[in-house]
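Participant: First the structure, then my questions, so here it is.
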Amino acid sequence: MNAGPTTLAREHHRRRAEQAHEHEHRLRRGLFHSMLLIVAATYLGWMYPLSQPLIAVLLGVALVCEWGPLHWRRWFVPEILLLSSGLATYLWSTHLDAESTANGHILGADWSFAGWIRMVLIFWSLIPSRAGMARVFAGMVIGELLLLSAQANVPGIAIVWLLCLAILAWAGDEWLRGSQANDNGVSVSSARPLSLWSRLLPMALAIAILSTLASAAVSGLRSQPESAEANPLHRSTGEQQRIDFDDSFGLNDEHFSDDDHTITARLEFDPSQFPPHHGMWYLRAATAPQVYLDNGSVRWRSGVQPHLSLQTAPDLHHHHEPQWATLFRAIGSGDMVLRPDHSLHAEVGSVLGDAHGNLFRPGLGDFPRRYRVDLGSESAPPSPFEQQNRALYTQVVPAVRQMLSHHLPDIARWKELSPEQAARSIHNWLRLRATYELHDLPQSMAGDAGDLRGFLFGSEEQRRGHCVHFTTATVLLLRASGHPARPVFGYASNEWDEQGVTFRSLHAHAWTEFHTSTGLWQRLETTPTNALQERFAEGLGNAEGSAGWNADEYLDADHEESAPTGMWHPLWWFALPAGIIIGLILRPYWGSKTPSEQRLQTLSRHSQSLLRCAQECGVMVTPSTTLSSIAHELEQRSSIPLQDTLRAHLAARFGDGPLPPPWPVKEIRRMYRLHQQSGPGH
Numbered sequence: 003m004n005a006g007p008t009t010l011a012r013e014h015h016r017r018r019a020e021q022a023h024e025h026e027h028r029l030r031r032g033l034f035h036s037m038l039l040i041v042a043a044t045y046l047g048w049m050y051p052l053s054q055p056l057i058a059v060l061l062g063v064a065l066v067c068e069w070g071p072l073h074w075r076r077w078f079v080p081e082i083l084l085l086s087s088g089l090a091t092y093l094w095s096t097h098l099d100a101e102s103t104a105n106g107h108i109l110g111a112d113w114s115f116a117g118w119i120r121m122v123l124i125f126w127s128l129i130p131s132r133a134g135m136a137r138v139f140a141g142m143v144i145g146e147l148l149l150l151s152a153q154a155n156v157p158g159i160a161i162v163w164l165l166c167l168a169i170l171a172w173a174g175d176e177w178l179r180g181s182q183a184n185d186n187g188v189s190v191s192s193a194r195p196l197s198l199w200s201r202l203l204p205m206a207l208a209i210a211i212l213s214t215l216a217s218a219a220v221s222g223l224r225s226q227p228e229s230a231e232a233n234p235l236h237r238s239t240g241e242q243q244r245i246d247f248d249d250s251f252g253l254n255d256e257h258f259s260d261d262d263h264t265i266t267a268r269l270e271f272d273p274s275q276f277p278p279h280h281g282m283w284y285l286r287a288a289t290a291p292q293v294y295l296d297n298g299s300v301r302w303r304s305g306v307q308p309h310l311s312l313q314t315a316p317d318l319h320h321h322h323e324p325q326w327a328t329l330f331r332a333i334g335s336g337d338m339v340l341r342p343d344h345s346l347h348a349e350v351g352s353v354l355g356d357a358h359g360n361l362f363r364p365g366l367g368d369f370p371r372r373y374r375v376d377l378g379s380e381s382a383p384p385s386p387f388e389q390q391n392r393a394l395y396t397q398v399v400p401a402v403r404q405m406l407s408h409h410l411p412d413i414a415r416w417k418e419l420s421p422e423q424a425a426r427s428i429h430n431w432l433r434l435r436a437t438y439e440l441h442d443l444p445q446s447m448a449g450d451a452g453d454l455r456g457f458l459f460g461s462e463e464q465r466r467g468h469c470v471h472f473t474t475a476t477v478l479l480l481r482a483s484g485h486p487a488r489p490v491f492g493y494a495s496n497e498w499d500e501q502g503v504t505f506r507s508l509h510a511h512a513w514t515e516f517h518t519s520t521g522l523w524q525r526l527e528t529t530p531t532n533a534l535q536e537r538f539a540e541g542l543g544n545a546e547g548s549a550g551w552n553a554d555e556y557l558d559a560d561h562e563e564s565a566p567t568g569m570w571h572p573l574w575w576f577a578l579p580a581g582i583i584i585g586l587i588l589r590p591y592w593g594s595k596t597p598s599e600q601r602l603q604t605l606s607r608h609s610q611s612l613l614r615c616a617q618e619c620g621v622m623v624t625p626s627t628t629l630s631s632i633a634h635e636l637e638q639r640s641s642i643p644l645q646d647t648l649r650a651h652l653a654a655r656f657g658d659g660p661l662p663p664p665w666p667v668k669e670i671r672r673m674y675r676l677h678q679q680s681g682p683g684h
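Just so we're aligned, residue 3 is where the sequence shown starts under our numbering, counting upward by one.
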């Protein structure tokens, strides 16, 4: 007669114990997930600064959802708050990005949507806290790590941060699962303690290997040449040239064409504030001040790899009040940041720079871009590096210096003049001596610097060349006279209208900068201007006019039809799943177990199966329940003798006995059901 009340009391006690355990597990998960959420939000706010207000709002809502009353979850309050706050912050992000675009920012690493979507996914995976979701979060962190590892300009601290966060999430999930298993029955499970280093080190190694492989794969895809057929708007009549940071330039290179009218860039501004002048507009790409001989030919290169990370472009020069204009930059023009000559500001995200004032951004040429630039002028102050390394800009190859001194006694006179006077004299001397020609150039003379010697001191037929010849001769003559100078490569265009200036591939050009007596870099054009204008006019004879050219349509169409490159290449989407599959295959081999560990794991698995069977048979299990009491209760409820099996398990667990056979859980369940069906009296 007392069996019923006793069973109800036991069931009530069991439920209360389960509720206490569940409350404790929820508290642990909530604290751990909240910590992950705060750390992730801190990272996102630092990495994606335009998203900081959006991230702060989502973080506050997430913490409210996590620590709100438990009954909220019955009515899906966390999910409703996520959807509503996500929609509100999304609308906010579109407003922020619209302002950013209007101010000339690139939609790139500092795009507010980039941080917003990451925060929403983290919110969804961690809140409300559920068992095992920290592993999902760790997978998302690894995905972010792989994406960033493919970029050349990502701070190293970000990679370290993500690596530590992924390991923390994975290890924390292991800890939560282990503590929950032990709380279900400490005396029963006897799970082997977690070995922190044996689990964390393989995980860190796997993440590092995957990041390295993905970075190499994506970098290789990004470096593949782009197909001209993929973008009809950018198809050219001649070979498309690419002015990039790593390129070098020589007198005999064919970097210039007079029949390729493909649009490279478009500079637009408010004519009421900055009316365009009707002369030549210069759009600089790079300066390469280091001169060297390559098989006897004079060539130029920068000689300094970009290493200065700039939040806004650039801090390399002194500041002045900029006059802003909008630059539309076509696809396929390399990674250099195009900007008007002597422009000290260009609002491009994640910019790298070098000591010579060159600016570039990895992947800048993958898609058409739009950003704000300073209109610049004809002169600019030097950077601190340039001031401290004046000798670099007077460098001349000894063979070239000897050749110039031997053939040109005027160098001694130019040394006595001011930089402005020497530049004017050299300009007039070159104009009288050499003529402009782009095609059918004469062969180089024998010996070192034969191309330059023929252009300067050869016969009248040999003294022909294009802008690189004039620029090289001007820079080296100024340097030989003791005046700092350097070549600049970019575009020069006289194709202007009421809204701005159009730059095409045929406008590729080189010119000279020299250091004035007032401490400024000033542009010097020694290439005959009338010859340039004739070349441009001839090249535009078959070109379509720029009237009615819509930059927005151009950008949209290019994004739709351009060939996939970089992270957006289809092969990229196979990298992460392949890495996950490889990790799952190798997972059993990561921490090979010793025989004693395998023995404990087998015993724990047998005990867990008996524990589940006991719960199904109505046996109350608490943290103080022992294996012997469970076996005794099940023996009474199923009439199956278990004492021999119990002794074997106890001998194996606490002594040196052999591994026992598994508990006969199937027979216990079957006999328990038969007893239940036959009634309590049978």
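Glycine included, every Cβ here is placed at the ideal spot set by N, Cα and C. Just so it is clear, the structure is predicted and the values come from calculations on it, not from any experiment.
Quick check: Arg331 and Gly492, are their CB atoms within less than 7 Å of each other?
Facilitator: Result no, Cβ atoms of Arg331 and Gly492 do not sit closer than 7 Å.
Participant: Quick one: residues in its chain with C-beta nearer than 8 Å to the C-beta of Gly134, no 5 flanking neighbours on either side, listed in chain order?
Facilitator: So the list reads Asp175 and Arg179, once near-sequence residues are dropped.
Participant: Ordered along the chain, which non-local residues of its own chain (more than five positions away) have a Cβ less than 6 Å from that of Tyr284?
Facilitator: Same-chain partners within the cutoff: Asp343 and Ala494.
Participant: Using the C-alpha atoms, what's the distance from Asp296 back to Leu440?
Facilitator: Taking the straight line from one Cα to the other gives about 22 Å.
Participant: Of the choices Ser131, Ile124 and Leu52, whose alpha-carbon is the least far from that of Ile144?
Facilitator: Comparing Cα-Cα distances from Ile144 to each of Ser131, Ile124 and Leu52, the minimum goes to Ile124.
Participant: What residue from Gln524, Ala171 and Gln679 has the CA that sits closest to Pro383's CA?
Facilitator: Of Gln524, Ala171 and Gln679, the residue nearest in Cα terms is Gln524.
Participant: Going by DSSP, what residue range makes up the beta strand (DSSP E) through Asp296?
Facilitator: Residues Gln292 to Asp296.
Participant: Would you call the CB atoms of Leu432 and Thr528 closer than 7 Å?
Facilitator: Going by C-beta atoms, Leu432 is nearer than 7 Å to Thr528.
Participant: So, with DSSP's three-state summary, where would you put Tyr674?
Facilitator: Here Tyr674 sits in helix by DSSP.
Participant: Is it buried or exposed, Gly88, if we count other Cβ atoms within 10 angstroms and call 16 or more buried?
Facilitator: By the 10 Å Cβ count, Gly88 comes out buried.
Participant: Let me know if Phe656 comes out buried or exposed under the rule of 16 or more other beta-carbons within 10 Å of its beta-carbon.
Facilitator: Classification for Phe656: exposed.
Participant: Is it right to say Arg426 is buried, meaning 16 or more other beta carbons lie within 10 angstroms of its own, or is it exposed?
Facilitator: When all chains shown are included, Arg426 counts as exposed.
Participant: Expressed to the nearest angstrom, what Euclidean distance is found between the alpha-carbon atoms of Leu170 and Val63?
Facilitator: About 23 Å.
Participant: Is the distance from the Cβ of Leu329 to the Cβ of Val503 below 7 Å?
Facilitator: No, the pair does not count as a contact, with Cβ atoms beyond the cut-off.
Participant: Quick one, which of Ala487, Val402, Pro411 and Ile428 has its alpha-carbon nearest Asp453's?
Facilitator: For the residues Ala487, Val402, Pro411 and Ile428, the minimum Cα distance to Asp453 belongs to Val402.
Participant: How is His511 classed by DSSP in three states: helix, strand or coil?
Facilitator: Looking at His511 - three-state DSSP - the assignment turns out to be strand.
Participant: At the level of alpha carbons, what is the spacing between Asp560 and Thr264?
Facilitator: Below a pLDDT of 50, predicted positions are generally treated as unreliable, and Asp560, at 40, falls in that range; the measurement from the model is reported next regardless. Rounded to the nearest angstrom, the two C-alpha atoms are 14 Å apart.
Participant: Need the endpoints of the beta strand (DSSP E) that Phe330 sits in, please.
Facilitator: Its beta strand (DSSP E) spans residues Trp326 to Arg331.
Participant: Just the C-alpha distance for Leu629 and Gln610, rounded to the nearest angstrom, thanks.
Facilitator: If you take the alpha carbons of Leu629 and Gln610, they lie about 10 Å apart.
Participant: May I ask you to list the residues that DSSP assigns as paired with Gln524?
Facilitator: Its beta-bridge partners are Ser381 and Phe516.
Participant: Just to confirm, is the Cβ distance from Arg120 to Leu46 under 7 Å?
Facilitator: Cβ distance < 7 Å, so Arg120 and Leu46 count as in contact.
Participant: Start and end of the beta strand (DSSP E) containing Ile265?
Facilitator: Residues Ile265 to Glu270.
Participant: Considering Ser640, what are the terminal residues of the alpha helix (DSSP H) in which it resides?
Facilitator: Ser640 -> alpha helix (DSSP H) spans Leu629 to Ser640.
Participant: Exposed or buried, Asn4, counting other C-beta atoms within 10 Å across all chains shown (16 or more means buried)?
Facilitator: Low local confidence applies: a pLDDT of 46 at Asn4 is under 50, so the model's placement there is unreliable, and no value is given.
Participant: Could you check whether the segment 372-391 touches the segment 509-525, counting it as contact only if at least three pairs of C-beta atoms, one from each stretch, sit closer than 8 Å?
Facilitator: Touching, yes, given that three or more Cβ pairs across the two stretches are closer than 8 Å.
Participant: On the DSSP letters alone, give me the boundaries of the alpha helix (DSSP H) that Trp498 sits inside.
Facilitator: No alpha helix (DSSP H) contains Trp498, which DSSP labels as neither H nor E.
Participant: Might you give, ordered along the chain, the residues of its own chain that have their beta carbon closer than 7 Å to the beta carbon of Asn532, omitting 5 neighbours on each side?
Facilitator: The answer is none, since no qualifying residue turns up.
Participant: Name the residue from His471, Arg601 and Met447 whose alpha carbon lies nearest to the alpha carbon of Ile461.
Facilitator: It is Ser, not Ile, that sits at residue 461 in the sequence shown. The candidate whose alpha carbon is nearest that of Ser461 is Met447.
Participant: When DSSP builds the beta bridges, which residues end up paired with Ser611?
Facilitator: Answer is none; Ser611 lacks a bridge partner.
Participant: Taking Met142 and Ser127 to be in contact with their CB atoms under 8 Å, please state how far apart those CB atoms are, rounded to whole angstroms.
Facilitator: Right, the Cβ-Cβ distance comes to about 6 Å (below 8 Å), so this counts as a contact.
Participant: Kindly indicate the opening and closing residues of the alpha helix (DSSP H) around Asp412.
Facilitator: Unbroken alpha helix (DSSP H) run through Asp412: Asp412 to Glu418.
Participant: Helix, strand or coil, according to DSSP, for Glu349 in the structure here?
Facilitator: Strand, per DSSP.
Participant: Span of the alpha helix (DSSP H) holding Asp453?
Facilitator: Per DSSP, Asp453 belongs to the alpha helix (DSSP H) from Gly452 to Phe459.
Participant: Does chain B have any CB closer than 7 Å to the CB of His511?
Facilitator: Note that chain B does not occur in the displayed structure, where there is just one protein chain.
Participant: Determine, using beta carbons only, whether Asn496 and Met282 come nearer to each other than 7 Å.
Facilitator: Yes; because the gap between Cβ atoms is below 7 Å, this pair is in contact.
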